[in-house]
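J.:
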Amino acid sequence: MSRSAIFAKIEAATSALKNKAPLPEYDLTVVHSPRKLEGSDLWEIFSRNFKAVNGKAMSSIDELADFLQSSAQTHGYCDPTLFDAIGSKLAAAGLTVETTYERERYDDYQFGITRATGAIAESGTVIIDDDRTSHRLAALSPWVHVAVLEKSEIHRTIPEAIAAFGDSPNIIWCTGPSKTADVEGILIEGVHGPGEQIAFLV
Amino acid sequence: MIGTQPIDLYARKISDEKQGSVLDGSSKGTEKRYEVLHKDYADPDSLRKLAGAIKDHTLHHLGDYLAKAEAALTKRGAKVHFAATAEDARQEILSILRGHGVTQLTKSKSMAAEEIHLNPFLIENGIECLESDLGEFIVQLDNDEPSHIVKPIIHKNRREIARTFQREGIAADYNDDPETITRRARVHLREKYMLAQAGITGANFVCADTGRLTLVTNEGNSRFGMAPAPVHIALVGIEKVIPREQDLSVFLNLLGRSATGQQLTVYTEFINGPKSANQPDGPEHMHVVFMDNGRTDVLASNCREILRCIRCGACQNVCPVYRQASGHAYRSTYGGPVGAVLSPLLFGDRFPELADLPKASSLCGACNEVCPVDIPIPDLLLRLRDKAKREGVHSPAAVPMTPFSALATSPSLWRTAMTMSKAMNHLPIHVAPIKPLQDWLGQRTLPESRGGDFRKWMKTRQSK
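Protein sequence lines correspond, in order, to chains A and B.
In terms of the working numbering, the first sequence has 95 at position 90, counting the first letter as 1, and numbering is strictly consecutive.
In terms of the working numbering, the second sequence has 417 at position 390, counting the first letter as 1, and numbering is strictly consecutive.
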C-alpha cells in the first residue's frame, strides 16, 4: 500500500520534469588525493596514512608482543587460522592467547587478532569482510584489535577498494581506532570499539 | 539585533552557558575542514558540483533507482518495506520487532528515526530502545533533543553531562573528565549490546546497483549494534539512493571531510543482506524500511535540490544564525540552514508555524560554499520566502513597505524626504503612537539622519 503510494508520488513529481539531469560521466581519479598517495611502496603509503589516523602499523612479532605487554593487554583471542603464524609466538612470549571467542566472557579479551581482508593505502584503512573474518565481535570488543594483513591485499585507492567489494554481505572499513568528539569537541579514542587499532603485516 | 520571529524569541531564551557551547562547538574545526578539503584537492569545488550532479540525476530518476535498490536487496535476502508516513514507519518497525519477539534493542544514530520520534514510540509500546551514539545516548538520558546533525550534544558542556550520568545512575559519582565520561558509557552500553535482540540503524547511502547500504560512524556503535544482535532494521529516507557503488568514492570522500575534517569516518560499513553463513556474529535477518514522510512532496516542489543533502552538518557549523540561535531554535528535527529549507517542506502541515525559518538568514551564502553536494541554500530560502508570501502566511515582524516603495520610486519625493528626515533627529518618533513603527524601532537604533549630505557631496565632487 505504502509502496504503490510512494512510487506514484515519485512518478508524479518526476515525470513532468523538463531537463532531467543526466548521470555525469567522470574519471574516478578525480577523487584521489595526490598528497596522500605520494610514494611507491603500498605498505609504506598505507603505514604513513594509518599513522595519521592514530593507527599503529607493525610487521614484527617482537614489537607486537612488546606493545601488548607494555600496555598491559595480556589476554586475548587469535583467529585459529592465524595461531601458528602469530598466536603461538605471542603465547611463547608470555601472553595468554585463546582461539575461541566466547561472547559471555567478552570482558576477558583485551586483544583480538583477526584477519584483515584488505587495506586501503590512500586512507590508512583496514578492511574486514564477513566471509573471511572469524568473529565480528573479536575485532570489536577488545581494547586492542590486531588486523593481520597480507601485502598483496593492499589497495592503492578508495575507488579500487570499492571495485573489489565482491560478494560479501558485510564489509567494514576501519580507519583508525574508535573515537568521538561528542563531549565539547574533545577527541577521545576507544568509545565502543578498539582504543588501539593495529595493522600487522605478514 | 533582537527580532520578533519565533526563532529570535527562542534564541533569546537560551542561557548564556548553552549559547557559549553552541558557538564554540560550531565554530571549532571550521578551518580544519576547509584545509583538509583544499590540501587534498586542487579543485574541491568541481568535486562538490559533481556530487550535486550525481544526486540531482538520482532524484530526477528516483523511481527507477529505488526499484533497483529494492530488487537488489531482496535478491540478497533482505526484506524491504515501504512507509509513506511517519506513522506507517513506526507501525512497520513495531510489527517487524514483534514478529521477531524483540523486547530490547540498541539503535545507532539516525536522523530519520529522530524525525518520526521512534524511541519514545517504541518505549511506549514496551520495547527497551537504547541510543548507542554517545551524544544521542546523553540526549536520551536527558529526555532532550539533538541540536546538531553530527554533534547532537553541541549545546551541552561536560558538567551537565557528568550531572546526568550521576543522576541516572550510569556512574556512582560526579566526574566531568571527558575521557571518564566516555569510558563509563562504554561499559554501560556494552552490556546492552550483548543483550539486545535487534539493532536499528539509519543509512547514509544505498547503492541501487547492489543494494549495499553504507553506514558511517566514528564510535563503532552501529557495528556493535549489529554484532551480537540477530535482527537488523535500517530506516532509510528514499532520497538516500545513489546509482552505483563507484559513486561512493565521491560521496565518502566529501562526507568525512565536510562533517569532521576526516578523509574517511572511522567505521564505514557496507551491508546488503544478513550475515555470511560462516560468520558467528551478526544479524540473520535484515529489514530495510524505505520512508517517504514528506520527501515526495519536497521532490514535487521547486526546492527539490535540498534532497541532495547527505547530512554532514557543515552548513550548521558555518551559519552565523545557527551559531547564535542553537539548533533547537529551529523547532524541528533539522536545524541550521538545511533545516530552514527542509523542515518547513518536510513537515508540510507545520509550514505556517515554521515559515519564519527561511527568513532567519542574511543570505550570506556560507552554507552553499561548504555544502559537499552544492545545494543552493540561499536560493531555496528565497523560494520559500516567496511561498510564504504567496500563501499569505502571517509574519509577525513584517513592516508595511508600501510607503517606502512610493518614496523610493519618485526622485522628487525622495529628495524632499531626505531634507525632511533631518527634522526626525529632533522629533520624538520613538514615542509616536504608530504600532508598526514602534515594533520596528523596538529592535533598532536609528543612526542620526544626515539626509541629503551625500547628494551635496556628489555634486561638488563632480564639478571639480
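Glycine included, each C-beta is placed from N, C-alpha and C at the ideal position.
As the structure is a prediction and not an experimental result, all values here were calculated from the model.
(1) Taking the alpha carbon of B:Cys391 as the point to measure from, which residue in B:Thr287, B:Gly196, B:Val345 has its own alpha carbon closest?
(2) Whose Cβ in chain B lies nearer than 7 Å to the Cβ of A:Val153?
(3) By the DSSP assignment, the beta strand (DSSP E) with B:Gly162 in it spans what residues?
(4) Can you tell me which residues form a DSSP beta bridge with A:Asp134?
(5) By the 7 Å beta-carbon criterion, what residues does the segment 46-66 of chain A contribute toward chain B?
(6) Does DSSP put B:Gly354 in a helix, in a strand, or in coil?
(7) Return the chain-ordered list of same chain residues with a C-beta closer than 8 Å to the C-beta of B:Met28, the five sequence neighbours on each side being excluded.
(8) Can you tell me whether A:Ala17 is helix, strand or coil according to DSSP?
(9) Which one or two residues does DSSP pair with A:Arg120 in a beta bridge?
(10) So, B:Ala387 versus B:Val325, is the Cβ gap smaller than 8 Å?
(11) Please state if the CB of B:Phe109 and the CB of A:Arg8 are separated by a distance shorter than 8 Å.
(12) Would you verify that the beta carbon of B:Asn344 is, or is not, closer than 8 Å to some beta carbon of chain A?
(13) Look at the alpha carbon of A:Lys184 and the alpha carbon of B:Glu418, and state the distance between them as a whole number of angstroms.
(14) Helix, strand or coil: which one does DSSP assign to B:Val345?
(15) State the CB to CB distance for the pair B:Pro8 and B:Gln343, rounded to an integer number of angstroms; the pair is presumed to be in contact (CB under 8 Å).
(16) Could you check if A:Ile193 is buried or exposed, using at least 16 other CB atoms within 10 Å of its CB as the buried criterion?
(17) Given a limit of 8 Å on CB to CB distance, which residues of the segment 9-33 of chain A reach chain B?
(18) So if I threshold CB-CB distances at 8 Å, which residues from the segment 176-187 of chain A count as touching chain B?
(19) Just tell me which of A:Tyr111, A:Ala10, A:Gly129 has its CA closest to the CA of A:Leu154.
(20) DSSP state of B:Tyr220, grouped into three classes?
(21) Over what stretch of residues does the beta strand (DSSP E) that includes A:Tyr82 continue unbroken?
(22) With a threshold of 8 Å between beta carbons, is A:Glu189 in contact with chain B?
(23) Hey, how far is the Cα of A:Ile15 from the Cα of B:Gly264?
(24) According to the Cβ coordinates, are B:Thr292 and B:Val233 closer than 8 Å?
(25) Below 6 Å CB to CB, which residues in the same chain sit around B:Ala96 once its five sequence neighbours on both sides are set aside?
(26) Can you tell me which of the three DSSP states B:His312 falls into?
(27) Does the beta carbon of B:Met28 come closer than 8 Å to any beta carbon on chain A?
(28) Just to make sure I have the definition right: I need the residues of chain A whose C-beta is within less than 7 Å of the C-beta of B:Ala110. Which are they?
(29) Quick one: which residues of the segment 140-151 of chain A get their C-beta closer than 8 Å to a C-beta of chain B? List them in chain order.
(30) Using the three-state DSSP reduction, which class does A:Lys61 fall into: helix, strand or coil?
(31) For B:Pro257 and B:Asn329, I'd like the C-alpha separation in whole angstroms.
(32) Skipping 5 residues on each side, what residues in its chain have a beta carbon closer than 7 Å to that of B:Tyr68?
(33) Give the residues from the segment 85-119 of chain A that approach chain B closer than 9 Å (Cβ to any Cβ), ordered along the chain.
(34) At 7 Å on the CB atoms, spell out the chain B contacts of A:Ile193, in chain order.
(35) Are the beta-carbon atoms of A:Leu145 and B:Phe251 separated by less than 8 Å?
(36) Measuring only the C-alpha atoms, how far is B:His88 from B:Gly79?
T.: If we stick to the structure as given:
(1) B:Val345
(2) Those within 7 Å of A:Val153 in chain B number zero; the least Cβ separation is about 17 Å.
(3) Run containing B:Gly162: none in the beta strand (DSSP E); it sits in the alpha helix (DSSP H), 161-168.
(4) A:Ile176
(5) none
(6) helix
(7) The pLDDT assigned to B:Met28 is 43, lower than 50, so where the model puts this residue is not dependable; a value taken from the coordinates is nonetheless given after this. Cβ within range, chain order: Gln470, Arg471.
(8) helix
(9) A:Val153
(10) no
(11) yes
(12) no
(13) 47 Å
(14) helix
(15) Examination of residue 8 of chain B is not possible in this model, given that chain B is present from 28 through 491 alone.
(16) buried
(17) Ala10, Ile11, Phe12, Lys14, Ile15, Glu16, Ala17, Ala18, Thr19, Leu22, Lys25, Ala26, Pro27, Leu28, Pro29, Tyr31, Leu33
(18) Ile176, Ile177, Trp178, Cys179, Thr180, Gly181, Pro182, Ser183, Lys184, Thr185, Ala186, Asp187
(19) A:Gly129
(20) helix
(21) 80-83
(22) yes
(23) 13 Å
(24) no
(25) Val233, Ala235, Gly238, Val268
(26) strand
(27) At B:Met28, the pLDDT of 43 sits below 50, so the modelled position is not reliable and the matter cannot be decided from this model.
(28) Ser7
(29) His140, Arg141, Leu142, Leu145, Ser146
(30) strand
(31) 43 Å
(32) Leu74
(33) Tyr106, Arg108, Glu109, Tyr111, Asp112
(34) Pro205, Glu206, Thr209
(35) yes
(36) 14 Å
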